[in-house]
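Notes for the one structure printed next.
Number of protein chains: 2
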Amino acid sequence: MKAAYINQTGPAENIIVGQLPDPTPTGSQVLVRMRAASVNPIDTYVRSGLAAPPNMPLPFIIGSDLAGVIAAVGPQAKKLKAGDRVWGANQGILGRQGTFSELAAIDESWLYAMPEHVSDEQAAALALVGITSHVGLVEHAHLQPGETVLVNGGSGGVGSTVIQMARAIGATVIATTSGPEKMEYCRTLGANHVLDYRHDDVPKRVAELTGGVDVWWETSWMPNFDAIFASMKHRGRVILIAGRTSRVEFPVGAFYTKCLSLHGFAMFLTPVEVQRQAAEQIGKWLDAGKLHAKIDRVASLDDAAELHRLQEASDSGAIRGKLVVKI
Amino acid sequence: MKAAYINQTGPAENIIVGQLPDPTPTGSQVLVRMRAASVNPIDTYVRSGLAAPPNMPLPFIIGSDLAGVIAAVGPQAKKLKAGDRVWGANQGILGRQGTFSELAAIDESWLYAMPEHVSDEQAAALALVGITSHVGLVEHAHLQPGETVLVNGGSGGVGSTVIQMARAIGATVIATTSGPEKMEYCRTLGANHVLDYRHDDVPKRVAELTGGVDVWWETSWMPNFDAIFASMKHRGRVILIAGRTSRVEFPVGAFYTKCLSLHGFAMFLTPVEVQRQAAEQIGKWLDAGKLHAKIDRVASLDDAAELHRLQEASDSGAIRGKLVVKI
């Protein structure tokens, strides 16, 4: 089968597109004929070695998200059958092979039924960011209808999904981003208020708009805890999902005297049953048109190295939406 | 009535012991004839002005914790009657008068039935620290039997209560403190393992003893987040309750890649019904002999200023246990 893989961690140039042996599903694995996959920041950290697992198989197929159709099932697979359309995330880490290949053997516990009217590209593009957003908002922040969420970085892959999902849950959403084009994009996603973090005094504007937020979703690598805590209501919850190498100042008094909580998580360490609950709700929202991924481009497996370079340049505005491959 | 009060915030010398008019219970207040009260760090912050509420009544009676007996009830008080023994905390803040007085008019929602075999001094000494410990361990950390708790600063007022309570819940407890005498004290409180934070490499010793802790209870004003996060299991919870003016470094990656959460709270902002649930469980543990306050001394209202000076010198070892007044 054709696959995009590496023989050792390092720069995007290490990605090879070529032939690897077809995998065989064992145990409760199924064989998925891939139709689409997408790129996430974690893919580049694994590939570069920044977050490579100690038990990484080599050659290692890159990629976490997928959409495809079942081609065969392993002897203990019970839920899925050949011909079923599926989607999923959480591959290419913790010793598992990735998804940038024509075929993959994946444990059926990581695969979700594809809603009828959803495209492979949409499901693949929303897999990791969608599950991340749901786990953060529901499992960690316990977001309730009528509460207010601030999404700091609302136009990115996760941020844009958090905006839509918080609205679907019934929350009021304040998004921050930079520049009129991205601000308009956040509005089209459903944000009730949009601020420009380069020009607006965010805590001051939050106070004027809402008197404080219940949930702050941080996407920046360098969270500004002074501004965050100043923007929160008492008993507010802050979600942290990025900043692997960051060290920032933490104002202790502002945190505890407001009875705040801070919740960090890495989606790929979230228990499989929690991810499945998220995926089932995401399936319903996708089918109902309440969630939609903005896709920057749909490329082919041959473009894998270039897609990683684009993903790594995303902070400088290289992409506007998800990078997807059609397989 | 005799009371210890201030006419303006400032040093301990501002505390006056003298006569004030007897209060009259209105609404759902009851009149408590005080028998004991105790000193907590928050009392000194309120008195000094560091944490004085904007609507502080003047003259302001100091003190938060209390034990006493009902002398009279207000027209809407429904739960308590004259002669009932009660205990409580959470006075002397948020615009309410304190407890260092012969009489106090207190809303009955803040008062709890005194267990039969418990002394006024014990209940007053355990009120704020006990409710704080319970709210942190149960409401915020969701501590489960069989989990491991590290109490950083196990010989202090809150720390010594957290050790006992975590053991009563069925957790394994690691306590840190300094010097052989305090280490032995932590052992008598029930700590399974005791470390000296001046000499031990805490994360290394935690790894050897337990492979990581589920809950870290921080009592220090300057939390060392590198050491804390290195000591935690995945999905561990950290409790912060002090450090009003502290700023410390926060390693973002170590926090979120371990799926940790950080919970800050000020006991006096905890909802009244959550405090009552804590108080009811504390009453049962007190009655069963599972909780015991170490009392440094029992003094009189006349000693109030000296008690505040001692409390403020507690970091330099001026006291070994709670400061209590018998009224």
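Protein sequences appear in the order of chains A and B. For the first sequence, position 263 (counting from the first letter as 1) is numbered 595 according to the working numbering, and the numbering increases by one without interruption. For the second sequence, position 89 (counting from the first letter as 1) is numbered 421 according to the working numbering, and the numbering increases by one without interruption. The C-beta atom is built at its ideal place from N, Cα and C for all residues, glycine as well. If you're wondering where the values come from, they're calculated on a predicted model, not measured in any experiment.
- In the DSSP assignment, no residue is bridged to L382 of chain A.
- Interface annotation, G381 of chain B: not in contact with chain A, CB-CB separation never under 7 Å.
- Around the Cβ of N339 of chain A, a 10 Å sphere holds fewer than 16 other Cβ atoms; the residue is exposed.
- Residue-level contact by beta carbon fails for L469 of chain B and chain A, as no gap is shorter than 7 Å.
- Taking 8 Å as the upper bound for CB-CB distance, R579 of chain B and V584 of chain A are in contact here, some 7 Å apart.
- Y337 of chain A has A:I348 and A:I393 as its beta-bridge partners, per DSSP.
- Under the three-state reduction of DSSP, M554 of chain A is assigned to coil, being neither helix nor strand.
- Rounded to the nearest whole angstrom, the C-alpha separation of R567 of chain B and C591 of chain B is 5 Å.
- Judged by DSSP secondary structure, T602 of chain B falls outside any alpha helix (DSSP H); it is assigned neither H nor E.
- Sixteen is the threshold: since fewer than 16 other Cβ atoms of the shown chains lie within 10 Å of the Cβ of L382 of chain A, the residue is exposed.
- For A399 of chain A, the beta-bridge partners assigned by DSSP are A:A368 and A:W419.
- Between I627 of chain B and K654 of chain B, the gap from beta carbon to beta carbon is short of 7 Å.
- The secondary-structure analysis by DSSP pairs I560 of chain A with nothing; it has no beta-bridge partner.
- If you look at R579 of chain B, you'll find it in the beta strand (DSSP E) that goes R579 to P583.
- When secondary structure is reduced to three states using DSSP, T542 of chain B falls in the helix class.
- Under the DSSP definition of a beta bridge, V656 of chain A partners with A:S370 and A:V630.
- Look at T464 of chain B here: in three-state DSSP terms it is helix.
- Boundaries of the alpha helix (DSSP H) around T493 of chain B: G489 to I501.
- The three-state secondary structure of G424 of chain B, taken from DSSP, is coil.
- Comparing alpha carbon positions, the residue from B:R499, B:S552 and B:R367 closest to I573 of chain B is B:S552.
- Distance from the Cα of R537 of chain A is smallest, within the candidate group A:G485, A:T508, A:L521 and A:C518, for A:T508.
- Contact annotation: the segment 521-532 of chain A does not touch the segment 355-368 of chain B, with fewer than three C-beta pairs closer than 8 Å.
- Interface flag for F432 of chain B against chain A is unset, since no Cβ pair is found closer than 7 Å.
- Exclusion of the five residues before and after P343 of chain B leaves S380 as the residues of its chain whose Cβ lies within less than 8 Å of its Cβ.
- Here T504 of chain B is not near T520 of chain B, since their CB atoms are 7 Å or more apart.
- Counting C-beta pairs with one atom in each stretch, the segment 490-503 of chain A and the segment 424-440 of chain A have fewer than three that are closer than 8 Å, which means they do not touch.
- Taking 8 Å as the cut-off between beta carbons, the residues of the segment 578-607 of chain A near chain B are S578, R579, V580, E581, F582, P583, V584, G585, F587, Y588, T589, K590, C591, L592, S593, L594, H595, G596, F597, A598, L601 and T602, in sequence order.
- Between P389 of chain A and Y337 of chain A, the C-beta gap is not smaller than 7 Å, which leaves the two residues out of contact.
- Nearest CB-CB separation between G575 of chain A and chain B: below the 7 Å threshold.
- Residue contact check for L572 of chain B against chain A: a CB pair falls below 7 Å.
- In the three-state reduction of the DSSP assignment, H640 of chain B falls in the helix class.
- Shown here, A437 of chain B sits in a strand according to DSSP, grouped into three states.
- If you check each beta-carbon in the segment 465-492 of chain A against every beta-carbon of chain B, the ones closer than 9 Å belong to H472.
- Counting the other Cβ atoms within 10 Å of the Cβ of G462 of chain B gives 16 or more, which makes it buried.
- Of the candidates B:D546, B:K565 and B:I614, the residue whose Cα lies closest to the Cα of Y444 of chain B is B:I614.
- CA-to-CA, the gap between G420 of chain A and A610 of chain A works out to about 11 Å.
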